[in-house]
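**Q** Okay, so the sequence shown: first residue is 30 according to my numbering, each after it adds one. Built from N, CA and C at the ideal position, the CB exists for glycine as well. Because the structure is a prediction, the values reported are computed rather than measured.
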Amino acid sequence: MTKHLGLAEFIDQKRVKIVEEWEVFARSLSRPGRPMTGIELRDHADEILTAIVADMRSRQSASSQAAKSKGHAAAGELGAIGHVHAVLRIDNGFELTQLVAEYRALRASILRLWEDQESDPVGVTRFNEAIDEALAEAVSSFTDTTETFRDQALGVLGHDLRNPLSTVVMASSSMLESDDLDDGQRRMITRIANNAAKMTRLVADLIDLTKTRFGEVITISPTTLELADLCRRVVAEIDAREVDGAPVVTFSSTGDLRGSWDVDRIEQALVNLINNAVKHRARGKVEVSARGDGLEVIVSVHNGGPAITPALLEKILEPRVRRVTQPTDTFLGLNLYVTAQIAIAHGGELTVTSTAEAGTTFTLRLSRVAPATTTPTA
């Protein structure tokens, strides 16, 4: 009597044909400038099949099966194989959709070859679980690795741009001190200086983003500060930029607002929050208030206008989130993220509430004495 093969044994038996089909499909996806060799394709496909078969043959309790079906299985050999596969495909220039397509093709190829065989529902279930586990790890590793590469690139870009921008800022500032400029020249150089200063701030935000994405806390240098004085100065400077000259920001304060904070960083946080409120206000003035409350100081920035949607509200303090109100908006979305990180560096937090009735309020909480931070050493 002929013994019917289980799916795991079938995969082992048809391994060469499965790998050949995998190679053909993967080669069709590879980048023209960096084609993968047959050895690269075959060796890794064989490793994946070995891990899948081993997983299918392993003993599995009911609780383990339930956990795996929900994506809660502990990372094992399949996870390691999925990670390696993702890194190899990134090196070859694959996109995430192409990576997923490989696993989809592998699944379809094996099940198509199997469809004429004796049914093995348990084996098919175990096979699908194994494919899903390897795919989940591959997608996770692909995403994490590309995020890391991008953050590293942003950091390098920020550092490389900083020195040339500093030269532009210093040169334009020096030129503005000349008495030999006519009005047109002075306006042009002033525009250069202002835009170079904006680019310098953006570069600083990129560097801060990179640091925090790699687990560092923004470095601060706390000194004694009267927060009310700083708030008034920032409000006055922002109001002075309004075209019609009419104030759009009000400030009020209560309690003791003295503390130990990094002056430049707190000013950066205030400017970010108030500028954001001015940009998105639809009615009335932007209201800035500060109050001392025991061991902390609380600054609130409020503006009327349309509510932030719940979906955006959950992510608005994360990097790269845009709130697009016009087709021409190109806001990068780093300001609020950096402000939140400044709050964390000072032992505090940044929160936001938004409703159609009450408007939008960002609340910056600061520990009255900021924790000491040190610059990480290599």
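By Cβ distance below 8 Å, which residues in the same chain neighbour Thr229 in space, the five residues on each side in sequence not counted?
**A** By 1-based counting over the sequence shown, the position of residue 229 is 200. Counting only Cβ-Cβ distances below 8 Å, and skipping sequence neighbours, we find Arg191, Leu194, Ser195, Val198.
**Q** Is the beta carbon of Ile9 less than 9 Å from the beta carbon of Leu135?
**A** Any question about residue 9 goes unanswered here, given that the chain covers just 30 to 407.
**Q** Could you check which residue in Leu125, Ala298, Glu162, Ile267 has the C-alpha nearest to that of Lys308?
**A** What you label residue 308 is simply residue 279 of the sequence shown in a count that begins at 1. It is Ile267.
**Q** Do Gly122 and Ala167 come within 9 Å of each other at the CB atom, strictly closer than that value?
**A** In the sequence shown, counting from the first residue as 1, residue 167 sits at position 138. In the sequence shown, counting from the first residue as 1, residue 122 sits at position 93. Cβ distance not < 9 Å, so Ala167 and Gly122 don't count as in contact.
**Q** Is the separation between the beta-carbon of Ala387 and that of Leu379 shorter than 9 Å?
**A** Reading the sequence shown from its first residue, position 358 is the one you call residue 387. Reading the sequence shown from its first residue, position 350 is the one you call residue 379. Cβ atoms of Ala387 and Leu379: not closer than 9 Å.
**Q** Assign Asn447 to one of three DSSP states: helix, strand, or coil.
**A** As displayed, the chain neither begins before 30 nor continues past 407, which places residue 447 out of reach and without an answer.
**Q** Bridge partners of Ala115, per DSSP?
**A** Taking the sequence shown and counting its residues from 1, one reaches residue 115 at position 86. The partner list for Ala115 (beta bridge, DSSP) is empty, contrary to what the question assumes.
**Q** Would DSSP call Val381 helix, strand or coil?
**A** For the purposes of this step, residue 381 is taken as the residue at position 352 of the sequence shown. Val381: strand per DSSP, three-state reduction.
**Q** Report the three-state DSSP secondary structure of Val330 (helix, strand or coil).
**A** Position 301 of the sequence shown holds residue 330. Correct three-state label for Val330: strand.
**Q** In this structure, does DSSP put Asp291 in helix, strand or coil?
**A** Locating residue 291 in the sequence shown gives position 262, where the first residue counts as 1. Three-state DSSP puts Asp291 in coil, outside helix and strand.
**Q** Taking its Cβ as the centre, do 16 or more other Cβ atoms sit within 10 Å of Ala385, making it buried, or is it exposed?
**A** Taking the first residue of the sequence shown as position 1, residue 385 is located at position 356. The residue in question, Ala385, is exposed, as its Cβ has fewer than 16 Cβ neighbours within 10 Å.
**Q** Can you give me the start and stop residues for the alpha helix (DSSP H) that Leu395 sits inside?
**A** Taking the sequence shown and counting its residues from 1, one reaches residue 395 at position 366. That residue, Leu395, is in no alpha helix (DSSP H); its beta strand (DSSP E) goes 388–396.
**Q** To the nearest angstrom, how far is it from the Cα of Ile337 to the Cα of Thr392?
**A** By one-based count along the sequence shown, residue 337 stands at place 308. By one-based count along the sequence shown, residue 392 stands at place 363. In a straight line, the C-alpha of Ile337 is about 15 Å away from that of Thr392.
**Q** Which first and last residues belong to the alpha helix (DSSP H) in which Glu50 is found?
**A** In the sequence shown, counting from the first residue as 1, residue 50 sits at position 21. Looking at the DSSP string, the run of the alpha helix (DSSP H) that includes Glu50 is 44–58.
**Q** One question on the structure: do Ser282 and Ala319 come within less than 9 Å of each other, judged by their Cβ atoms?
**A** What you label residue 282 is simply residue 253 of the sequence shown in a count that begins at 1. What you label residue 319 is simply residue 290 of the sequence shown in a count that begins at 1. Against a cut-off of 9 Å, the Cβ pair of Ala319 and Ser282 comes out as a contact.
**Q** When we look at the beta-carbon of Trp51 and count the other beta-carbons within 10 Å, is it buried (16 or more) or exposed?
**A** Residue numbering aside, residue 51 sits at position 22 when the sequence shown is read from its first letter. With 16 or more Cβ atoms within 10 Å of its Cβ, Trp51 is classed as buried.
**Q** Considering Cα atoms alone, identify which of Glu49, Glu296, Thr79, His73 is closest to Leu254.
**A** Numbered from 1 along the sequence shown, position 225 holds the residue referred to as residue 254. Cα-wise, what sits closest to Leu254 is Glu296.
**Q** Which of the three DSSP states, helix, strand or coil, is assigned to Val168?
**A** Translated into positions along the sequence shown, residue 168 becomes position 139. Of the three classes helix, strand and coil, the one that applies to Val168 here is helix, per DSSP.
**Q** How should Ser201 be labelled, buried or exposed, when 16 other C-beta atoms within 10 angstroms of its C-beta is the threshold for buried?
**A** Here the question's residue 201 lines up with position 172 in the sequence shown. When all chains shown are included, Ser201 counts as buried.
**Q** Which residues in the same chain as Asn301 place their Cβ atom closer than 8 Å to its Cβ, once the five residues preceding and following it in sequence are excluded?
**A** Start at 1 with the first residue of the sequence shown, and residue 301 comes out as number 272. Around Asn301: Asn364, Leu365, Val367, Thr368.
**Q** With Val398 and Ser250 assumed to form a contact (beta carbons below 8 Å), what rounded beta-carbon distance in angstroms separates them?
**A** For the purposes of this step, residue 398 is taken as residue 369 along the sequence shown, with counting starting at 1. For the purposes of this step, residue 250 is taken as residue 221 along the sequence shown, with counting starting at 1. No, Val398 and Ser250 are not in contact; Cβ-Cβ is about 14 Å, not under 8 Å.
**Q** Report yes if the CB atom of Leu299 is closer than 9 Å to the CB atom of Leu238, and no otherwise.
**A** Residue 299 sits at position 270 when you count from the first residue of the sequence shown. Residue 238 sits at position 209 when you count from the first residue of the sequence shown. No, they are not a contact pair.
**Q** Work out the CA separation of Ala109 and Arg262 for me, nearest whole Å.
**A** Mapped onto the sequence shown, residue 262 falls at position 233. Mapped onto the sequence shown, residue 109 falls at position 80. Cα-Cα distance, rounded: 55 Å.
**Q** Going by beta-carbon coordinates alone, are Gly152 and Ala74 separated by less than 9 Å?
**A** Numbered from 1 along the sequence shown, position 123 holds the residue referred to as residue 152. Numbered from 1 along the sequence shown, position 45 holds the residue referred to as residue 74. Against a cut-off of 9 Å, the Cβ pair of Ala74 and Gly152 comes out as no contact.
**Q** Quick check on DSSP: helix, strand or coil for Leu254?
**A** As a working mapping, residue 254 is identified with position 225 in the sequence shown. Here Leu254 sits in strand by DSSP.
**Q** For Gly35, name the three-state secondary structure that DSSP assigns.
**A** For the purposes of this step, residue 35 is identified with residue 6 of the sequence shown, where counting begins at 1. Here Gly35 sits in coil by DSSP.
**Q** Hey, out of Arg215, Ala269, Leu342, Leu164, whose CA is closest to Ser383's CA?
**A** Here residue 383 is taken as the residue at index 354 of the sequence shown, counted from 1. Of the candidates Arg215, Ala269, Leu342, Leu164, the one whose C-alpha sits nearest the C-alpha of Ser383 is Leu342.
**Q** How many Å lie between Thr357 and Ile327 at the Cα?
**A** Here residue 357 is taken as the residue at index 328 of the sequence shown, counted from 1. Here residue 327 is taken as the residue at index 298 of the sequence shown, counted from 1. Confidence at Thr357 is low in this model, with a pLDDT of 39, below 50, so its placement is unreliable and the value that follows should be read with caution. Those two C-alpha atoms are separated by around 34 Å.
**Q** Kindly indicate if chain C contains any beta-carbon less than 9 Å away from that of Ser383.
**A** Absent from the structure: chain C. Only one protein chain is present.
**Q** Three-state secondary structure (DSSP) at Ser195?
**A** Residue 195 sits at position 166 when you count from the first residue of the sequence shown. Reduced to three states, the DSSP call for Ser195 is helix.
**Q** Compute the distance between the beta-carbons of Leu256 and Arg287, then report whether it is under 9 Å.
**A** As a first step, residue 256 must be located in the sequence shown, where it is residue number 227. As a first step, residue 287 must be located in the sequence shown, where it is residue number 258. In contact: Leu256 and Arg287 (Cβ atoms closer than 9 Å).
**Q** Could you tell me the distance, in whole angstroms, from the CA atom of Pro276 to the CA atom of Val317?
**A** Taking the first residue of the sequence shown as 1, we reach residue 276 at position 247. Taking the first residue of the sequence shown as 1, we reach residue 317 at position 288. Their backbone Cα atoms lie some 13 Å apart in a straight line.
**Q** Check each candidate in Val48, Val113, Thr79 and name the one with the smallest Cα separation from Leu142.
**A** Counting from 1 along the sequence shown, the entry for residue 142 is found at position 113. The residue with the shortest Cα to Cα distance from Leu142 is Val48.
**Q** Nearest by alpha-carbon distance to Arg133: which of Val264, Ala55, Asn332, Phe171 is it?
**A** For the purposes of this step, residue 133 is identified with residue 104 of the sequence shown, where counting begins at 1. When only C-alpha atoms are compared, the closest one is Ala55.
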